[in-house]
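Colleague: My structure is below; once you've seen it, I'll send some questions.
In structure tokens form, the structure reads like this:
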């Protein structure tokens, strides 16, 4: 039985602008650079983020290294599929397998990077990343059962998340402060609070998406049964 490729749903705020930039870059990249090279280049960016955030213990200047890592990660992760489509060498099965396994590694590495930085507690970083993984798993299940692959939620996708991280890094570099607040006898930073808030929104988003998509799956199964 032939495999049916899931329909990509991208409602990113930056979708139209990003698409133009990616198509331009894809047309300029040398033919010797393959989609796999770009995928692993994006993974290299994740390790650069990890190193950069760790080195921030010794100086805030390393925030620029972390930001460069986010840019490299965007470049590789966003262009691998674009280049494949531009050259008409799409690999629906292999590409999906490689891309999303590497995405999972990248997400974990970036989560650890947040946790070992001087800006975020490790347990809070894991709280945030687990929420992200839940949404990712939900997306993968839908791509198999419902035939659609949703990569954005409320207009926010990986590109917007990277941009937010780069903006936060830039603010941190110039402000050079990460003040702590007392909350329930704990001393946590404003970034800890922000991460808890964002993570909680992701958990809520997962629960909402679960119940919404459950109806779609149930309806689809009834239609298939009738057929």
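Residue numbers (the working numbering): 10 to 236.
Note that the Cβ used here is the ideal one computed from N, Cα and C, for glycine as well.
These numbers were taken from a predicted model, which means no experiment stands behind them.
Between which two residues does the alpha helix (DSSP H) harbouring residue 198 extend?
Modeller: From DSSP, residue 198 is part of no alpha helix (DSSP H) but of the beta strand (DSSP E) over 195–198.
Colleague: How do the stretch 85–92 and the stretch 37–49 stand: do at least 3 beta-carbon pairs fall below 8 Å, yes or no?
Modeller: Yes, since at least three Cβ pairs between the stretch 85–92 and the stretch 37–49 fall closer than 8 Å, the two stretches touch.
Colleague: Whole angstroms is fine: what's the gap from residue 200's alpha carbon to residue 179's?
Modeller: Their backbone Cα atoms lie some 14 Å apart in a straight line.
Colleague: Between the alpha carbons of residue 233 and residue 154, how many angstroms are there, rounded?
Modeller: Taking the straight line from one Cα to the other gives about 12 Å.
Colleague: Between residue 83 and residue 148, which are expected to be in contact by the criterion C-beta below 8 Å, what is the C-beta distance as a whole number of angstroms?
Modeller: About 19 Å; that fails the 8 Å criterion.
Colleague: I need the straight-line Cα distance from residue 213 to residue 219, nearest angstrom please.
Modeller: Rounded to the nearest angstrom, the two C-alpha atoms are 10 Å apart.
Colleague: Just how far apart, CA to CA, sit residue 10 and residue 176?
Modeller: Confidence at residue 10 is low in this model, with a pLDDT of 44, below 50, so its placement is unreliable and no value can be given for it.
Colleague: Quick one: any contact between the stretch 53–71 and the stretch 122–132, if contact means 3 or more CB pairs under 8 Å?
Modeller: Yes: the two stretches touch, three or more of their Cβ pairs being nearer than 8 Å.
Colleague: At 3 residues or longer, what runs of the beta strand (DSSP E) sit wholly inside the stretch 13–70?
Modeller: Counting whole runs of 3 or more residues, the stretch 13–70 contains the beta strand (DSSP E) stretches 16–18.
Colleague: Are the stretch 156–164 and the stretch 15–30 in contact at 8 Å, needing three or more beta carbon pairs?
Modeller: Judged by Cβ distances under 8 Å, the stretch 156–164 makes contact with the stretch 15–30, as three or more pairs qualify.
Colleague: Would you report the Cα separation of residue 230 and residue 121, rounded to the nearest angstrom?
Modeller: Residue 230 and residue 121: Cα-Cα distance of roughly 39 Å.
Colleague: Residue 113 and residue 145 - do their beta-carbons sit closer together than 9 Å?
Modeller: Yes, the Cβ-Cβ distance between residue 145 and residue 113 is below 9 Å.
Colleague: With residue 128 as the anchor, note down where its alpha helix (DSSP H) starts and where it stops.
Modeller: Element bounds for residue 128: n/a, residue is neither H nor E.
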